[in-house]
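Residue numbers (the numbering used here): 35 to 379.
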């Protein structure tokens, strides 16, 4: 029975996509001229739509698509699709702005070496980073671990992103310091699914196992709870950055479709999803609001659109987020991933 409840909650997790804030990309995305954006998981669904809307209405100089490695033709296909969608439905700017350049960088968040290479490639190309959207994620019924041995939801959704963030802190902090008009943002894509985390929030002693003794929904929820903690601690430790954790709402994405192939229980509850879900074009608004709105309070968790204060007690616990931050630093140091200049403080 508990597994059925978990499946139903995973299928339907999400707040009502009708927050108290009105946000329309065409009206509300400000000029991002000259800025640089990096989005993880931007080859599909929410990540791609985030890139499209930012390019269509904000016109940043460059958007980096950090996603799973693929061949040259497939990478070019991702770039061309984003460029094509940017120009559709009123995206043409009639020569008023230079077209946003879209670049692809390989990134496998389950492998520390891949995360390091992604960061190194970005740093070799850019000296600034204005908007970092940690969007990639998985939910899977199958038990597994990353290459380094961490439970795969926690390893990909949280730990890979935490490492990428650490490695990209230098250009973000430099951008915030050197540009008078800088508004450097980190958008951490969490989920209302953080409420499904196991009792106590994060099972630190089991993170470097497959966590087979808890349900896949709890494994997923634990990773999304950690992302809220990451946003809070980042805001406290680096006040020159504006950080927000967001839940996009109820959306049927490729991630949910993949899960339905693995889980009979999810397939049984799936017929309810269309009754409460919205298209990606609506669900992406909380991403875009957090990336651009002047109303964002750094360190907060927001449901759509821009609605704060809906997180669980575990997500609000400053001791838990502090412990997570310290645990993460120790894991990275033990693996030899962070030098003195990139260590947490």
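Backbone N, C-alpha and C fix where the C-beta goes; we use that ideal spot for every residue, glycine too. Because the structure is a prediction, the values reported are computed rather than measured.
Short Cβ contact (8 Å threshold) for residue i with residue j
{"i": "residue 84", "j": "residue 136", "result": "no"}
{"i": "residue 65", "j": "residue 93", "result": "yes"}
{"i": "residue 187", "j": "residue 257", "result": "yes"}
{"i": "residue 192", "j": "residue 264", "result": "yes"}
{"i": "residue 222", "j": "residue 164", "result": "no"}
{"i": "residue 20", "j": "residue 220", "result": "What is shown of the chain runs 35 to 379, which leaves residue 20 out entirely."}
{"i": "residue 334", "j": "residue 342", "result": "yes"}
{"i": "residue 236", "j": "residue 216", "result": "no"}
{"i": "residue 285", "j": "residue 314", "result": "yes"}
{"i": "residue 102", "j": "residue 156", "result": "no"}
Residue closest to residue i, alpha-carbon to alpha-carbon, out of the options
{"i": "residue 281", "options": "327, 228 and 249", "result": "228"}
{"i": "residue 115", "options": "267, 90 and 132", "result": "90"}
{"i": "residue 348", "options": "190, 357 and 341", "result": "357"}
{"i": "residue 121", "options": "109, 110, 134 and 161", "result": "134"}
{"i": "residue 254", "options": "214, 185, 266 and 273", "result": "185"}
{"i": "residue 177", "options": "160, 247 and 231", "result": "247"}
{"i": "residue 95", "options": "72, 207 and 243", "result": "72"}
{"i": "residue 324", "options": "117, 171 and 88", "result": "88"}
{"i": "residue 364", "options": "218, 68, 200 and 215", "result": "200"}
{"i": "residue 131", "options": "68, 103, 171 and 155", "result": "68"}
{"i": "residue 175", "options": "326, 98 and 244", "result": "244"}
{"i": "residue 272", "options": "156, 204, 215 and 144", "result": "204"}
{"i": "residue 242", "options": "179, 104, 232 and 160", "result": "179"}
{"i": "residue 346", "options": "148, 224 and 277", "result": "224"}
{"i": "residue 270", "options": "117, 62, 359 and 321", "result": "359"}
{"i": "residue 62", "options": "322, 332, 350 and 344", "result": "322"}
{"i": "residue 98", "options": "326, 113 and 105", "result": "113"}
{"i": "residue 350", "options": "262, 149 and 332", "result": "262"}
Buried or exposed (CB count within 10 angstroms, at least 16 for buried), residue i
{"i": "residue 298", "result": "In this prediction, residue 298 has a pLDDT of 43, which is less than 50 and means its spatial position is unreliable; nothing more can be read from the coordinates."}
{"i": "residue 252", "result": "buried"}
{"i": "residue 352", "result": "exposed"}
{"i": "residue 59", "result": "buried"}
{"i": "residue 74", "result": "buried"}
{"i": "residue 283", "result": "buried"}
{"i": "residue 355", "result": "buried"}
{"i": "residue 209", "result": "buried"}
{"i": "residue 159", "result": "exposed"}
{"i": "residue 266", "result": "buried"}
{"i": "residue 154", "result": "exposed"}
{"i": "residue 278", "result": "buried"}
{"i": "residue 76", "result": "buried"}
{"i": "residue 170", "result": "buried"}
Proximal residues to residue i (C-beta, below 7 Å), its chain only, five neighbours per side dropped
{"i": "residue 152", "result": "100, 139, 140, 141 and 198"}
{"i": "residue 238", "result": "361"}
{"i": "residue 86", "result": "116, 119 and 120"}
{"i": "residue 232", "result": "248, 252 and 256"}
Same chain only: Cβ atoms within 6 Å of residue i, ignoring 5 sequence neighbours per side
{"i": "residue 318", "result": "80, 83 and 84"}
{"i": "residue 309", "result": "Because residue 309 sits at a pLDDT of 46, beneath the cut-off of 50, its placement in the model cannot be relied upon, and the point is left open."}
{"i": "residue 109", "result": "138"}
{"i": "residue 172", "result": "190"}
{"i": "residue 218", "result": "164, 206, 209, 210 and 275"}
{"i": "residue 344", "result": "337"}
Under the three-state DSSP convention, the category residue i falls into
{"i": "residue 219", "result": "strand"}
{"i": "residue 285", "result": "strand"}
{"i": "residue 392", "result": "The chain is shown only over 35 to 379; residue 392 falls outside these bounds and no answer can be derived."}
{"i": "residue 57", "result": "coil"}
{"i": "residue 351", "result": "coil"}
{"i": "residue 91", "result": "helix"}
{"i": "residue 205", "result": "helix"}
{"i": "residue 241", "result": "coil"}
{"i": "residue 107", "result": "helix"}
{"i": "residue 267", "result": "helix"}
{"i": "residue 70", "result": "strand"}
{"i": "residue 142", "result": "coil"}
{"i": "residue 331", "result": "coil"}
{"i": "residue 131", "result": "coil"}
{"i": "residue 184", "result": "coil"}
{"i": "residue 314", "result": "helix"}
{"i": "residue 166", "result": "strand"}
{"i": "residue 80", "result": "helix"}
{"i": "residue 417", "result": "Here the chain has residues from 35 to 379 only, and residue 417 is not among them."}
{"i": "residue 341", "result": "strand"}
{"i": "residue 247", "result": "coil"}
Same chain only: Cβ atoms within 8 Å of residue i, ignoring 5 sequence neighbours per side
{"i": "residue 146", "result": "181, 182, 194, 197, 369 and 371"}
{"i": "residue 213", "result": "162"}
{"i": "residue 144", "result": "180, 181, 186, 189, 190 and 194"}
Any non-hydrogen atom of the ligand SAH within 7 Å of residue i CB
{"i": "residue 332", "result": "With respect to small molecules bound, the structure shown includes none, and the ligand SAH cannot be examined in it."}
Residue i at chain B interface by Cβ criterion, 8 Å
{"i": "residue 238", "result": "As a matter of chain content, chain B is missing from the structure shown, which is built from one protein chain."}
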